[in-house]
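For what it's worth, my numbering labels the leading residue of the sequence shown as 47, then goes sequentially. Glycine included, every Cβ here is placed at the ideal spot set by N, Cα and C. In what follows, a structure is listed as structure tokens, so that the remarks can point back to it.
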Amino acid sequence: IPNKLGGVIALLMSILILMLIPMLHTSKQRSMMFRPLTQIMFWILVANIMILTWIGGQPVEPPFIEIGQVSSILYFSLFIIIIPTMGILENKMMKW
């Protein structure tokens, strides 16, 4: 993020997106025990958070900038696009 205002907005959005999780939960099954796609997405989220934590301590230099941008895009797309889509797909698989 090229400036401080953008960084503050991104930080605020990364916290506020956690409040949207109950509204974005589209699966009819509440437990992750029988939802293998969601389990994979959970571990991708854990790895992504570890990468974002590591990248936050690195200097602002070219290889770290791109890693941070890709990880940030993945973080937000997981919550907004991928996890709701996985819930819809798993609902359809349960009907088979």
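Rounded distance between the beta-carbons of residue j and residue i, thought under 8 Å
i	j	result
A56	S118	7 Å
L70	E136	Contact doesn't hold; Cβ gap of about 14 Å is too wide.
Contact under 8 Å by Cβ, residue i with residue j
i	j	result
I129	M87	yes
F125	L66	yes
Chain B within 8 Å of residue i, Cβ atoms only
i	result
L91	The structure shown has no chain B; it contains just one protein chain.
Top-ranked residue by Cα proximity to residue i, from the options
i	options	result
G53	I127, I111, M132	I111
K141	E107, I95, Q75, L64	Q75
Where the alpha helix (DSSP H) containing residue i begins and where it ends
i	result
K138	129-141
K50	50-62
Cβ-based neighbour list, residue i, same chain, cut-off 7 Å, excluding 5 preceding and 5 following
i	result
I134	T72
Cβ shell of residue i (< 6 Å), same chain only, five flanking positions each side left out
i	result
K138	none
I63	F125
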